[in-house]
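Written out below as structure tokens is the structure these notes cover.
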Amino acid sequence: MSEKKVVSRKVALGIGALCIALLIIMSVVVANYTSTLSTVSSLRKQIASDNSEINSLKTEIASIQNQFPSLKALALNGFAVIQITDTQYLTDPHYSGDSVPNLFNGLTSWIVDNSRALNVTMVVHTGDIVQVANSMSDWKNANNAMMQLYDNGVPYCWNAGNHDQLNNGTIGYGNPNLSWLGGNYPAFNVTAMRQKPYWVGDISDGKDTAVQFTYDNYHFMVINIEYDANSTVLGWMQTLLKCNPNVNVIVATHNFLNGNGTYGTASHKDVTWATNFENLLNNYPNVFMTLNGHAANIGGSAYHKRVGNREEIFFNMQENDNKQGAATARIYAFNMSDPANPVVTAYTYQTFGTPQYLTDPADQFSFSTNLTSYSPSTVSIAANTNFWGANDHSLSFANSTTLNGFSQYGTALTFNNLTLNGVTSNFTVTAIGANIVISSYNSNSSISYAVSGSGNQTFSVNKPPTSVDIDGKQTSKGWSYSNGEITVTGATSSVVMNFS
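In terms of the numbering used here, the sequence shown opens at residue 24 and continues consecutively.
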């Protein structure tokens, strides 16, 4: 083969090899390009998905912001009162599963975690704390949940519902004239609660409670009334209302308004009580708000209406979501920018399942009200008005009286600037096991009273008596004086303490 042909063949082979190499390189480049395109496409899809998720989150955040004001703004502009109610199913696994106590714990835990940001001044439990009145396990679960509030310094109060009152054995048909087991548990033990600075008083072994709080120069009191309370309890409430005309009062009771906007529940035969209670409240313009639960399955699970200056509110979700709905907090946010005429906005927060604010009109609404700034005021008290101590024994005055301050601390009743028989003074009386009627009071001459029952009476008087007549006889026995207090132990009908 000629040299020229050899060279030509080598050139051809070189060109072929080069072409093959170019083809290989091009296939690699194409493959990489295709892979890159696929990656870019995948990244674009991921970015689009991320953007969609971000937009969804933005929408959700905006929705939450619309549902609820910023916690910072709320804390700056006012305070919040939280209502919880009808937690009965949350204490008894028989009714809604073994996880139920955790739901009650989750409810109070959420309140603790948000109490500072919301500036919570009071948590109000409007009754039916447990399902079975004599179930120790129900009360133990309720106690464990409510102790989270106690242990973390969150103020709270309660009243007894029909499921909390002892009865004849039929679940839910409580007797207001009987006791309850709640006082045996720390979270509902009034002896401990009386140490709290916000405690006003209690009656019926703590089935009915009263508490207070202030915001600037506005004083508030929450009076909690048990299911179908008897005349003794209603008298206790009315005395608190009469003696505190410049205090803005929330009355919280178990049975009252229902989901149809009427009063009581026919199935429990408590309509008459609730209707009469409405008429009673109409006598007290300082009651600007009422809260209650109880009326499940009557209309909706929430309702509110205006009666004069009083906003009446029913709230109870116990039957919702497989009987887990009571794990919901109703928040009443007071915007005090204009304290005499604040706007109160109700928010409803579900703490179980998917935690969320409920935004339907029954669960999120606002109303304005009128409040009275506080100043000491002199009030006239009619003769024979009973001032009830915590042990269900009372003190009353045989004559009409005037005073500008009254407080109850357990069994002790304190009267500031009381005027009786022309004499004005401050004093404290403790009545244990007996009712007292004071006919005359003058710490410079004598104090005379009748006693019904047997027990001790203690009067704060800054000097010892010269003599004491017990049941019509002067005696050195049956009474003592120590540290500015006279204690009478032996009276069964009448006492006269002489000071001159």
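The beta carbon of each residue, even a glycine, is placed where N, CA and C say it ideally should be.
All values reported here derive from a predicted model rather than from experimental measurement.
Mapping DSSP to helix, strand and coil, what is residue i?
i      : result
Val519 : strand
Gln154 : coil
Gly206 : helix
Asp115 : coil
Ser505 : strand
Asn198 : coil
Gln88  : Here Gln88 scores only 49 on pLDDT, less than 50, and its place in the model should not be relied on; the value that follows carries that caveat. Residue state, collapsed to three classes: helix.
Lys500 : coil
Thr510 : strand
His186 : coil
Ala103 : strand
Leu441 : strand
Contact defined as beta carbons within less than 8 Å: I believe residue i pairs with residue j. What is the distance between those atoms, to the nearest angstrom?
i      : j      : result
Tyr472 : Ile455 : That belief does not hold up - the Cβ atoms of Tyr472 and Ile455 are roughly 15 Å apart, past 8 Å.
Ile336 : Thr313 : 7 Å
Ile248 : Asp231 : 6 Å
Thr453 : Ala435 : 5 Å
Ala168 : Thr131 : 5 Å
Leu141 : Ile354 : 7 Å
Phe429 : Phe438 : 6 Å
Asn185 : Asp151 : 7 Å
Val234 : Tyr221 : 5 Å
Thr297 : Phe279 : Reading off the sequence, residue 297 comes out as Ala, not Thr. So it is a contact: roughly 5 Å between Cβ atoms.
Asn467 : Pro488 : Incorrect: roughly 11 Å between the Cβ atoms, too far for contact.
Gln171 : Val135 : 6 Å
Gly507 : Ser483 : 6 Å
Ala363 : Asn393 : 7 Å
Lys265 : Ile404 : 7 Å
Going by other Cβ atoms of all chains shown within 10 Å of its Cβ, with 16 needed for buried, is residue i buried or exposed?
i      : result
His148 : buried
Asp174 : exposed
Met260 : buried
Met340 : buried
Lys328 : exposed
His277 : buried
Ser398 : exposed
Pro378 : exposed
Asp319 : The sequence given here has Ala at residue 319, not Asp. Flag for Ala319 reads buried.
Gln347 : buried
Ser417 : buried
Ser254 : exposed
Thr114 : buried
Leu548 : Residue 548 falls outside the range modelled here, since the chain spans only 24 to 523, and no answer is possible.
Asn485 : exposed
His317 : buried
Ala325 : buried
Ser210 : In the sequence as displayed, the identity of residue 210 is Ala instead of Ser. So Ala210 counts as buried.
Ser423 : exposed
Asn358 : buried
Ser138 : buried
Val177 : buried
Pro124 : buried
Alpha helix (DSSP H) containing residue i: first to last residue?
i      : result
Asn302 : 294 to 304
Val123 : 123 to 141
Trp162 : 159 to 174
Ser457 : For clarity, residue 457 is Ala in the given sequence; the question names Ser instead. No alpha helix (DSSP H) holds Ala457; the beta strand (DSSP E) holding it covers 446 to 465.
Val213 : 213 to 216
Asn191 : Here Asn191 belongs to no alpha helix (DSSP H), and DSSP marks it neither H nor E.
Asn345 : 343 to 346
Kindly indicate the opening and closing residues of the beta strand (DSSP E) around residue i.
i      : result
Asn479 : 469 to 483
Asp109 : Here Asp109 belongs to no beta strand (DSSP E), and DSSP marks it neither H nor E.
Val330 : 325 to 330
Val310 : 310 to 315
Asp492 : 490 to 493
Tyr179 : 179 to 181
Ile321 : Run containing Ile321: none; DSSP gives neither H nor E here.
- If you scan the stretch 218 to 283 from start to end, which runs of the alpha helix (DSSP H) of 4 or more residues do you find wholly inside it? 254 to 266
- Query: Which runs of the beta strand (DSSP E) fall wholly inside the stretch 352 to 439 and span at least 3 residues, in chain order?
  - Reply: 366 to 373, 379 to 381, 388 to 391, 402 to 404, 417 to 420, 424 to 426, 428 to 432
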